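**Q** I am attaching a structure below and will ask some questions about it afterwards.
In my numbering, the protein residues as written are 8 to 46.
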């Protein structure tokens, strides 16, 4: 499972970048996963 902000094609590349608008939805997703599976 790959989970995180941004596009997988950009991950770990020399020109890797992350659009700022991808951060908030990723935080909500990760919080939701933690709440469901870890707490």
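We put the beta carbon where it would ideally sit given N, CA and C, even for glycine. All values derive from a computational prediction rather than experimental measurement.
So which of 43, 42, 33, 45 has the shortest CA-CA distance to residue 9?
**A** In the chain shown, residue 9 corresponds to position 2, counting from 1. Ranking 43, 42, 33, 45 by Cα distance to residue 9 puts 33 first.
**Q** Between the C-alpha atoms of residue 27 and residue 20, what's the straight-line distance to the nearest angstrom?
**A** By one-based count along the chain shown, residue 27 stands at place 20. By one-based count along the chain shown, residue 20 stands at place 13. Straight-line Cα distance between these residues: approximately 18 Å.
**Q** Suppose the cutoff is 6 Å on Cβ atoms and the five residues either side in sequence are ignored; what does the same chain contact list for residue 25 look like?
**A** Within the chain shown, the letter at position 18 stands for residue 25. So the list reads 12, 13, once near-sequence residues are dropped.
**Q** How far does the alpha helix (DSSP H) with residue 21 in it extend, from its first residue to its last?
**A** Taking the chain shown and counting its residues from 1, the one referred to as residue 21 is at position 14. From DSSP, residue 21 is part of no alpha helix (DSSP H); its letter is neither H nor E.
**Q** Pick helix, strand or coil for residue 14, following the three-state DSSP scheme.
**A** Along the chain shown, one-based indexing puts residue 14 at 7. It is coil, neither helix nor strand.
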